[in-house]
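In what follows, a single structure is set out as structure tokens and then discussed.
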Amino acid sequence: MLPRLSDTKHYKWLVFFSVAIGSVTNVTHHGSVGIALPTIAEDFQVSLNTIQWVVLAETLTISIFLLPMGRLSDIIGRKPMYLCGLVLFGFMSLFAGSIPSLVSQFTQQRAMLFMIPIRVLQGLGASMTQATGMAMVASIFKDSERGKGLGAHGAVIGTGGVIGPILGGVLVTLAGWKWVFWINVPLCALAFITTFLVLDSSLFKGTGSRNNNYDWIGALLSSALLLTFLLTLSNGSHFGWASPKIISGFFLFICLVFSFIWWESKTGSPLLELSLFKHKLFSWSITANYLSFLGVSSFRFIIPFYLQSALKLNPAQVGMMLVPNAISRIIFGPTIGILSDKYDRRIFTFVGLVIASTGLLMMGLMSAVSSIIFIVVCIVIFSTGSGIFLSPNSAAIFSSGPSDKHGVIAALVNLSRNSGNATGIALSSAIISAVLISNNHQVSVETILNAATSSDLVTSFITGMKFVFMFMGVLQIISALGIVSTKVDNKNLFNY
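Everything in the sequence shown is counted per the working numbering, starting at 9 for the first residue and increasing by one.
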């Protein structure tokens, strides 16, 4: 009788590669959309504040549903949740690319009314795969090899990061931005077939709903507080930071945070185990992950506009400029992951954050006449730091709890990442828009891209960009100091 596939020696790597296909698809798509944003903005004839919602609609939805989907996957099983996410993400990609045909009888500005709901549903599918994919990788590798597994997963993310900008640039230049979405359809189909055949449902089954009632109130509160925070933040420059709407939004957010904490501390089957945050190192690791992706998302959002407006590069050239960012992750992800299984992970997270901060602060010195070499050096330094930081920090977080909580822990890791992504984009857009408005310029993507390099408009844009990168660089330093200030207690949940 032939042994089950799950009983074979290398089954953990089969699971890893099955999940990797979906992960590459997600990250490739994110990088491709970033390159396509300026072109989509020109086609839809919308402003910088409006076009950010092509990204924010998805990242907001992912952030809102990560915790609920992570907890739900712990109950009903991770395999069915992952497969449903792939199907939804694939279909919404098909619809997003078809928007020009759907709105042919309307004005192009109306296209955003179709794009945003589709991106919301696409984000829902992505939240299902992100909440379960990393959890399956973390649970299939034993703790002594978890850094290796998550480091390899980081390399996969880096591979998607390499493919995304290049593929996005080529597709936008040769075939149009709609193919940035359509390319996801066959990739999702491949990921679905592989996952369906390889994953053993018995290894990724849920705990069942009999003794683990789903925390619907907690899910509602977590969704409401995240939505309130990110919507308030992203609309600050539009309504004015001192306006009653924005002040009320932040006040409501604070009330929802306290309500969520109160409910989770008293309910029998909480969405989020608050006891995890009693450990200082866990709390700082989650915080560091969030602050790290604030910098990453600001970089990814701003750089394509900078390269196309100041240096007048085309989308394909912009994609090539971002390749070093992902290559560094491929190189350092597995290597640092293996080393962090043997040595104190705080060392690697601290060093990574310091290097990333250096890269961001150097980007704050870029101008309209900066050389390509200097820009590439800045990108390499920043991405090297991010690559060193990511896998040991993720391994530390996963070592904090039992395997039956890995769905929630994976959701927290991805929530901190996606919340950081959404916040970084909203902050970057708000800061740059504020600088442009203060200098009496329109916040129009088409105007910025078509302006002369030496114009006051481009100069104002670069001034805002410098503020963003300097601010993000300082945040990385604060995060690094927080990590290094923690103490390792061998009796706690963390296994260093």
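Glycine included, C-beta positions come from ideal geometry on N, C-alpha and C.
- By the criterion of at least three beta-carbon pairs nearer than 8 Å, the region 171-184 is not in contact with the region 69-87.
- For LEU91, the enclosing alpha helix (DSSP H) has its first and last residue at 86-105.
- Put simply, the backbone Cα of THR392 is about 7 Å away from that of ILE363.
- It is roughly 22 Å from the alpha-carbon of VAL482 to the alpha-carbon of SER402.
- The C-alpha of GLY93 lies about 10 Å from the C-alpha of THR140.
- Shown here, SER463 sits in coil according to DSSP, grouped into three states, outside any helix or strand.
- In this chain, the alpha helix (DSSP H) harbouring VAL384 covers 380-406.
- Between the alpha carbons of GLU66 and LYS320 lies a distance of about 28 Å.
- Restricted to the region 272-325, the alpha helix (DSSP H) segments that are unbroken, complete and at least 4 residues in length are 288-317, listed in chain order.
- Here the C-alpha atom of VAL359 lies approximately 15 Å from the C-alpha atom of SER336.
- Of the other Cβ atoms in all chains shown, fewer than 16 fall within 10 Å of the Cβ of ILE486; this residue is therefore exposed.
- In the structure shown, SER251 adopts coil according to DSSP, grouped into three states.
- With contacts defined by Cβ atoms closer than 8 Å, ALA430 and SER71 form a contacting pair.
- By the Cβ neighbour-count rule, CYS263 is exposed, with fewer than 16 other Cβ atoms within 10 Å of its own.
- A check of alpha carbon separations from ILE126 across MET329, ASP82, SER427, PHE189 identifies PHE189 as the nearest.
- ASP223 carries a coil assignment under DSSP once its states are collapsed to helix, strand and coil.
- Going by DSSP, ASN192 is part of the alpha helix (DSSP H) stretching over 192-206.
- GLY372 and LEU175 have their C-alpha atoms spaced approximately 28 Å apart.
- The DSSP-derived three-state label of ASP82 is helix.
- Going by DSSP, THR494 is part of no alpha helix (DSSP H) at all; its letter is neither H nor E.
- The C-alpha of LYS150 lies about 11 Å from the C-alpha of PHE406.
- Counting only residues of its own chain and dropping the five nearest sequence neighbours on each side, PRO173 has a CB closer than 6 Å to the CB of GLY39, ILE43, GLY327, LEU330.
- If you compare the alpha carbons of MET136, GLY98, PHE469 with that of PHE73, the shortest gap goes to MET136.
- As the crow flies, the alpha-carbon of MET473 is around 33 Å from that of MET142.
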